[in-house]
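Residue numbering for the sequence shown follows our numbering, starting at 1 and increasing by one per position. No residue lacks a Cβ here, since even glycine has one placed at the ideal position from N, Cα and C. It should be emphasised that the depicted structure is a prediction, and the values quoted were computed from it without experimental measurement. Before any comments, here is the structure.
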Amino acid sequence: MKNPVMDAVQSEDGLWTASFKLVPGRIGGELTIALRKQCACSRPITLVELRDGLKNLGRDELFSKSHLGLRGLAWENFLQCLNESMESYGIVECIDKAHFLAQVAAESDSLRTTAEYRNRDGSNPSRWSRYSGGARYHGRGLIQLTHDHNYRKYSEYVGVDYVSEPDMVGSQIEVAVDSACWYWRKGSAWGDLSSRARSNDFIMVTVGVNGGFNHYAQRKQHLQSLAEVFSVHSCGVHAGANFDIYNFVDSALSRTRNGPIVWRRDLGECDAL
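The structure is reproduced here in structure tokens:
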């Protein structure tokens with residue numbers, strides 16, 4: 001036997017690759033099998049991955065604090081919608097999915113709501129009056145779509161009038177998910193966030209979604225967990241990504257006109273997240 005025989009077989013769900021190698025030996029050879037989990041590039045994520053990656057989701061009903069009719073939505077229906085929308089908008093690389101879902105989890109209170117919360121007495125929070133167009137255009141969707149001009153841009157993109165009916169962004173799961181993917185790729189004032197996610201620029205991604213750094217520690221924890229579950233370390237492109245620390249000087253935000261102002265406003269003299 002001059003050369004070892006090697007082959008690889010992928011599981012039907014695309015999650016695992018089994019590599020077989022026949023090593024020459026005295027008695028015909030020795031067969032070794034190695035299992036490697038595939039990263040989440042170019043395949044649907046599973047429900048197990050979603051729940052394991054976002055550890056504080058719990059096992060109870062989705063959108064349990066929703067006042068727009070989505071409480072108790074089936075996990076399978078949500079996951080199908082999520083996978084289809086991410087694929088449609090080209091959010092297909094494992095690291096991009098990890099960054100996207102980490103921000104989604106923070107914005108949606110760990111998939112408990114698709115709209116910003118009102119005060120406990122049911123009144124509107126005072127900050128809603130500061131949105132362009134007023135309180136009517138408070139945050140809705142998995143990534144909270146705010147301001148009348150963002151509702152207008154999204155409406156023009158999909159050809160449906162959500163300016164007149166903004167509650168539809170938070171009351172229909174397809175729209176709640178689609179609007180988040182649209183914002184990720186096309187709606188943020190800081191540009192296409194997929195390109196920032198693929199370069200692992202957590203700082204730029206966070207300000208692109210939040211406009212600042214609210215709950216950045218939670219967002220980072222979600223990212224680290226999702227990156228592990230999505231096996232980013234096994235990716236042929238992103239295996240070298242480090243999710244431990246993000247220095248401001250390494251972020252594209254440091255090279256924008258207003259980025260340093262936003263950073264110092266929210267984080268003072270801190271130089272890394």
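Is it buried or exposed, residue i, if we count other Cβ atoms within 10 angstroms and call 16 or more buried?
| i | result |
| --- | --- |
| Ser85 | buried |
| Arg127 | exposed |
| Asp201 | buried |
| Val158 | exposed |
| His238 | buried |
| Ser134 | Sequence check: residue 134 is Gly here, not Ser. By the 10 Å Cβ count, Gly134 comes out exposed. |
| Pro260 | exposed |
| Asn150 | buried |
| Pro125 | exposed |
| Tyr246 | buried |
| Ala34 | Caution applies to Ala34, whose pLDDT of 44 falls short of 50 and renders its modelled position unreliable; the model cannot decide the point. |
| Glu156 | exposed |
| Gly187 | buried |
| Ala189 | exposed |
| Gly268 | exposed |
| Arg196 | buried |
Could you check which residue in the options has the C-alpha nearest to that of residue i?
| i | options | result |
| --- | --- | --- |
| Tyr154 | Trp182, Asp250, Ala106 and Asn247 | Trp182 |
| Ser194 | Lys97, Leu223 and Asp250 | Lys97 |
| Pro44 | Ile143, Asn56 and Ile91 | Ile91 |
| Ser177 | Lys220, Arg71 and Gly141 | It should be noted that the sequence gives Val, not Ser, for residue 177. The shortest Cα separation from Val177 among Lys220, Arg71 and Gly141 belongs to Gly141. |
| Tyr216 | Tyr117, Arg152, Gln38 and Ala102 | Ala102 |
| Ser164 | Glu174, Ala189 and Tyr137 | Tyr137 |
| Ser132 | Gly122, His147 and Asp121 | His147 |
| Arg118 | Ser66, Tyr162, Asp161 and Arg152 | Ser66 |
| Gln221 | Asp60, Lys55 and Arg152 | Lys55 |
| His99 | Tyr89, Ser123 and Arg219 | Arg219 |
| Asn214 | Thr256, Arg120 and Ala106 | Ala106 |
| Tyr306 | Ser42, Ala241 and Pro166 | Here the chain has residues from 1 to 273 only, and residue 306 is not among them. |
Residues in its own chain within less than 8 Å of residue i by CB, not counting five upstream and five downstream?
| i | result |
| --- | --- |
| Asn258 | none |
| Leu47 | Trp75, Glu76 and Leu79 |
| Ser234 | Arg36, Lys37, Gln38 and Cys39 |
Give me, in chain order, the residues of the same chain whose beta-carbon lies closer than 7 Å to that of residue i; leave out the 5 immediate sequence neighbours on both sides.
| i | result |
| --- | --- |
| Phe248 | Ile203, Ser254, Trp263, Asp271 and Ala272 |
| Phe243 | Leu223, Gln224 and Ala227 |
| Gly170 | Leu68, Thr114, Ala115, Arg140, Gly141 and Ala176 |
| Ser64 | Arg71 and Arg112 |
| Leu57 | Arg51, Ser110 and Leu111 |
| Asn83 | Pro44 and Ile45 |
| Asp161 | Ser155 |
| Met168 | Tyr162 and Val175 |
With a cut-off of 8 Å on the beta carbons, I'd call residue i and residue j a contact; round off their distance for me.
| i | j | result |
| --- | --- | --- |
| Val232 | Ile95 | 5 Å |
| Glu87 | Arg198 | Actually they do not touch by this definition, with Cβ atoms about 16 Å apart. |
| Gly212 | Asp266 | 5 Å |
| Leu145 | Ser179 | 5 Å |
| Val104 | Ile143 | 6 Å |
Note down, in chain order, each residue of its chain lying with its Cβ closer than 6 Å to the Cβ of residue i, except the 5 sequence neighbours on either side.
| i | result |
| --- | --- |
| Gly53 | Ser225, Leu226 and Val229 |
| Asp192 | Arg185 |
| Ala303 | Absent from the model: residue 303. The displayed extent of the chain is 1 to 273, so no value can be given. |
| Cys81 | Ile173, Glu174 and Val177 |
| Glu61 | Gly72 |
For chain C, is any of its Cβ atoms less than 8 Å away from the one on residue i?
| i | result |
| --- | --- |
| Gln80 | Reference to chain C is not applicable here, since this structure consists of a single protein chain. |
Heavy atom of the ligand GTP less than 7 Å from the Cβ of residue i, yes or no?
| i | result |
| --- | --- |
| Ala115 | Questions concerning the ligand GTP fall outside what the structure shown contains, since it holds no ligand whatsoever. |
Inside the region 95 to 123 only - alpha helix (DSSP H) runs reaching at least 4 residues: Correct list: empty.
Length-filtered (4 minimum) alpha helix (DSSP H) runs lying within the region 195 to 259: Qualifying alpha helix (DSSP H) stretches, in chain order: 202 to 210 and 216 to 229.
Whole runs of the alpha helix (DSSP H) within the region 37 to 83, excluding any shorter than 4 residues: Correct list: 47 to 53.
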